[in-house]
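One structure is given below, encoded as C-alpha cells.
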C-alpha cells in the first residue's frame, strides 16, 4: 500500500522544556591597574593582564623585597582591605617620566597589533568594575584616557588629584568633567596617604588614588566608598574637616567633586567623598554599570530568537523577576519592567528591534544628616505638673 502521509508515530514522545534561566546576582568587584614593577618576576608578562588574588601572587611583583614601582604598594594596600581579583598590567619605565606616562596610556602596537598599557586591560577575561593607575593619572591628559576607557568597558575610575593646594585642586577639578566624556564615573582624590614601607623602614607617601581604590573595592558596587577608615598613617596635605562646618577646605573639595583623606572621630584618616568629579554619586554609577553588565550577559543568550509574543512576554517576566530580587535584598528600593508603548512600532519590529523599559529606583548615600532640636515649653509644663 501507499505510505500514509499523515502518520507520525505509533507510540509516545516526551518533549521537555526548561524555564527561563535565572539571571543571578550582580557580581563582585574586579580591579584593573596599570603601572610599573621593575623587579617583577620574569614569568609575569609585560603589557598583558596578570591576575593577583593573594599575597603570594602579589609577592611576584617584587621578589627582591625592594618594593619598587607603583604597583607593589597599590596592590598590597588593596589586599589588606579586601580580597578581590586585581589584574595588573606592568609597563616598562621609560627614559623620562613622559615616556613612562606614554607607556601607561599605551595603545596598539602598529607592527604586531598587540594592545599595550591601558588598552591591555580590555583583554581581561572578567568584568572590571574599577580601574586606575596610581601615580600616573594626575593630569588631564591621562585622566581623559582613563575616563574614556572606563566609559567603554563600564568601570569606575579612581584618579589622582594634583599635588597642589585645595584652591588649585578646585581649579583643576573644573578642567575635568563631562558625563559624555566618561568623567561621571571618575573619583578624584586630593592628598597623598602615607603607609609604612618595610623596604624603606619608614612611612612613604603613595599616590592619592591608592587607598581610595581599596575603599571603593571594599563596598558593593552600588554603595559609597566615603567615610571609610583607611590604613593611612599620615597625609601629604592636611585638609581642614569639620562635620558641622560648611566652610571648611574639605567641604569645598567635596563641593567640586573631589574626595580626600582627613582625620575624623572614627579614628585615623578616613576617605571623605561620595561623588564623582561631575557631582554624580559614584554609587549610582556602580549600580548602573552592574545592571547593564547583567542585562548584556543575559540578553546575549536570547539573540536571534524569533520575536513571538510568548518570547517577548517571557523576557519581560524574566527581567522583572530578577529585578524584584534586587528589591528584596535592598540593592534598589523598587522597579518594574514593561514594553515601551511608543517606541515599539511596526517599522521597528520589522527591523528586528524592540524596546524593553526597566524603571528602577536608587538608594542615595547618607551624605547630609539634619538633626532638628526643638526646645518646647509644653514639656516643661508637663514636668512641673508632675512635680507640683
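In our numbering, the protein residues as written are 1 to 388.
Heads up, the beta-carbon is just placed ideally off N, CA and C, and yes, glycines get one too.
Values in this document were obtained by computation on a predicted structure and should not be read as measured data.
* **Three-state class that DSSP yields for residue 159 in the structure shown** => The sequence position of residue 159 within the chain shown is 159, counting from 1. Note: residue 159 maps to strand in three-state DSSP.
* What are the complete beta strand (DSSP E) segments, minimum 3 residues, inside the segment 178-262? -> 186-189, 193-197, 202-205
* Measure the Cβ-Cβ separation of residue 91 and residue 47 and say whether it is below 8 Å. => As a first step, residue 91 is located in the chain shown; it is residue number 91 there, counting from the start. As a first step, residue 47 is located in the chain shown; it is residue number 47 there, counting from the start. For residue 91 and residue 47, yes; Cβs fall inside 8 Å.
* **contact_flag[the segment 204-213, the segment 185-194] where n(CB pairs < 8 Å) is 3 or more** => yes
* Is the beta carbon of residue 330 within less than 7 Å of some heavy atom of the ligand NAP? -> With respect to the ligand NAP, the structure shown offers nothing to examine, as it has no ligands at all.
* Rounded straight-line distance, which links the Cα of residue 317 to that of residue 158 -> As a first step, residue 158 must be located in the chain shown, where it is residue number 158. As a first step, residue 317 must be located in the chain shown, where it is residue number 317. Per the coordinates, the alpha-carbon of residue 158 lies some 36 Å from the alpha-carbon of residue 317.
* Asked: Thinking C-beta only, is residue 127 closer than 8 Å to residue 84?
  -> Locating residue 84 in the chain shown gives position 84, counting from the first residue. Locating residue 127 in the chain shown gives position 127, counting from the first residue. Not a contact, by the Cβ cut-off of 8 Å.
* Asked: Three or more C-beta pairs closer than 8 Å, one from the segment 312-327 and one from the segment 350-370: is that the case here?
  -> Verdict: yes, contact present.
* Count the C-beta pairs between the segment 64-75 and the segment 167-176 that are closer than 8 Å, then say yes if the count reaches three, no if not. => Flag = no, the segment 64-75 and the segment 167-176 do not touch.
* Unbroken alpha helix (DSSP H) runs of length 4 or more, entirely within the segment 271-340: which are they? -> Here the runs fully enclosed are 282-300, 309-328.
* To do: Within its chain, find whatever has a CB closer than 8 Å to the CB of residue 82; leave out the 5 residues flanking it on each side and keep chain order.
  => As a working mapping, residue 82 is identified with position 82 in the chain shown. Excluding sequence neighbours, residue 82 sits near 29, 214, 217, 218.
* Asked: Taking just the CA atoms, how far does residue 198 sit from residue 94?
  -> Taking the first residue of the chain shown as 1, we reach residue 94 at position 94. Taking the first residue of the chain shown as 1, we reach residue 198 at position 198. Taking the straight line from one Cα to the other gives about 26 Å.
* To do: Go ahead and pull the three-state DSSP assignment for residue 97.
  => Residue mapping note: residue 97 aligns to position 97 of the chain shown, counting from 1. Helix.
* According to DSSP, residues forming a beta bridge with residue 130 -> Sequence index remark: in the chain shown, residue 130 carries index 130 (1-based). Per DSSP, 31, 156.
* Just the C-alpha distance for residue 119 and residue 135, rounded to the nearest angstrom, thanks. => Looking up residue 119 in the chain shown gives position 119. Looking up residue 135 in the chain shown gives position 135. Using only the alpha carbons, I get a separation of about 18 Å.
* Proximity of residue 256 and residue 173 at Cβ, strictly below 8 Å -> Along the chain shown, read from residue 1 onward, the residue named residue 256 stands at position 256. Along the chain shown, read from residue 1 onward, the residue named residue 173 stands at position 173. It is a contact, given that the beta carbons lie within the stated cut-off.
* Collapsed DSSP secondary structure at residue 62 in the structure displayed -> Residue 62 sits at position 62 when you count from the first residue of the chain shown. When DSSP states are grouped into helix, strand and coil, residue 62 belongs to the coil group.
* **Bounding residues of the beta strand (DSSP E) (the contiguous stretch that carries residue 386)** => The residue you call residue 386 lines up with position 386 of the chain shown. That residue, residue 386, is in no beta strand (DSSP E); its alpha helix (DSSP H) goes 377-387.
* residue 381 to residue 372, Cα distance in whole Å? -> The sequence position of residue 381 within the chain shown is 381, counting from 1. The sequence position of residue 372 within the chain shown is 372, counting from 1. Cα to Cα, the separation comes out at about 21 Å.
* To do: Take residue 76 and list the residues in its own chain whose beta-carbon comes closer than 7 Å to its own, dropping the five residues that flank it on each side.
  => Indexing the chain shown from 1 puts residue 76 at position 76. Around residue 76: 58.
* **Burial state of residue 449 (16 or more Cβ within 10 Å)** => Lying outside 1 to 388, the shown extent of the chain, residue 449 is not represented and no answer is given.
* Asked: Since residue 14 contacts residue 104 with CB under 8 Å, what's their CB separation in whole angstroms?
  -> On the chain shown, residue 14 is found 14 positions in, with the first residue counted as 1. On the chain shown, residue 104 is found 104 positions in, with the first residue counted as 1. Going by Cβ atoms, the distance from residue 14 to residue 104 rounds to 60 Å, so no, they are not a contact pair.
* Alpha carbon to alpha carbon, how far is residue 151 from residue 230? Give it in angstroms, no decimals. => Start at 1 with the first residue of the chain shown, and residue 230 comes out as number 230. Start at 1 with the first residue of the chain shown, and residue 151 comes out as number 151. If I take the Cα positions, the gap works out to 27 Å.
* **Cβ neighbours of residue 54 in the same chain (closer than 6 Å, five flanking residues each side left out)** => Against the chain shown, residue 54 aligns to sequence position 54. Closer than 6 Å at the Cβ level, and outside the excluded window around residue 54, lies no residue.
* Asked: So, is the C-beta of residue 216 closer than 8 Å to a C-beta in chain C?
  -> Among the protein chains of the structure shown there is no chain C, as only one such chain exists.
* Residue range of the unbroken beta strand (DSSP E) whose run includes residue 90 -> For the purposes of this step, residue 90 is taken as the residue at position 90 of the chain shown. Residues 86-90.
* Between the CA atoms of residue 291 and residue 350 - distance to the nearest angstrom -> Residue 350 sits at position 350 when you count from the first residue of the chain shown. Residue 291 sits at position 291 when you count from the first residue of the chain shown. Residue 350 and residue 291 have their C-alpha atoms some 28 Å from each other.
* Please report the residue range of the beta strand (DSSP E) in which residue 359 lies. => Residue numbering aside, residue 359 sits at position 359 when the chain shown is read from its first letter. Residue 359: member of the beta strand (DSSP E) spanning 356-360, first to last residue.
* Asked: In angstroms, rounded to a whole number, what distance separates the CA positions of residue 266 and residue 362?
  -> By 1-based counting over the chain shown, the position of residue 266 is 266. By 1-based counting over the chain shown, the position of residue 362 is 362. For residue 266 and residue 362, the distance between alpha carbons rounds to 27 Å.
* To do: State buried or exposed for residue 62, treating a residue as buried only when at least 16 other CB atoms are found within 10 Å of its CB.
  => Here residue 62 is taken as the residue at index 62 of the chain shown, counted from 1. That one is buried.
* Asked: In the structure shown, what three-state DSSP assignment does residue 118 receive?
  -> Residue 118 sits at position 118 when you count from the first residue of the chain shown. It is helical.
* Span of the beta strand (DSSP E) holding residue 52? -> By 1-based counting over the chain shown, the position of residue 52 is 52. Its beta strand (DSSP E) spans residues 49-52.
* Asked: What do you reckon, are the CB atoms on residue 130 and residue 31 nearer than 8 Å?
  -> As a working note, residue 130 is residue 130 in the chain shown. As a working note, residue 31 is residue 31 in the chain shown. Cβ distance < 8 Å, so residue 130 and residue 31 count as in contact.
* Report all residues from its chain with a CB closer than 7 Å to the CB of residue 52; omit the five preceding and five following residues, and keep chain order. => For the purposes of this step, residue 52 is identified with residue 52 of the chain shown, where counting begins at 1. In its chain, beyond the 5 residues on either side, 58, 75, 86, 88 have a beta carbon closer than 7 Å to the beta carbon of residue 52.
* To do: Decide if residue 305 is buried, meaning its Cβ has at least 16 other Cβ atoms within 10 Å, or exposed.
  => For this step, residue 305 is matched to residue 305 along the chain shown. With fewer than 16 other Cβ atoms inside 10 Å of its own Cβ, residue 305 counts as exposed.
* Confirm, please, whether the CB-CB distance from residue 36 to residue 71 is below 8 Å. => Numbered from 1 along the chain shown, position 71 holds the residue referred to as residue 71. Numbered from 1 along the chain shown, position 36 holds the residue referred to as residue 36. Against a cut-off of 8 Å, the Cβ pair of residue 36 and residue 71 comes out as a contact.
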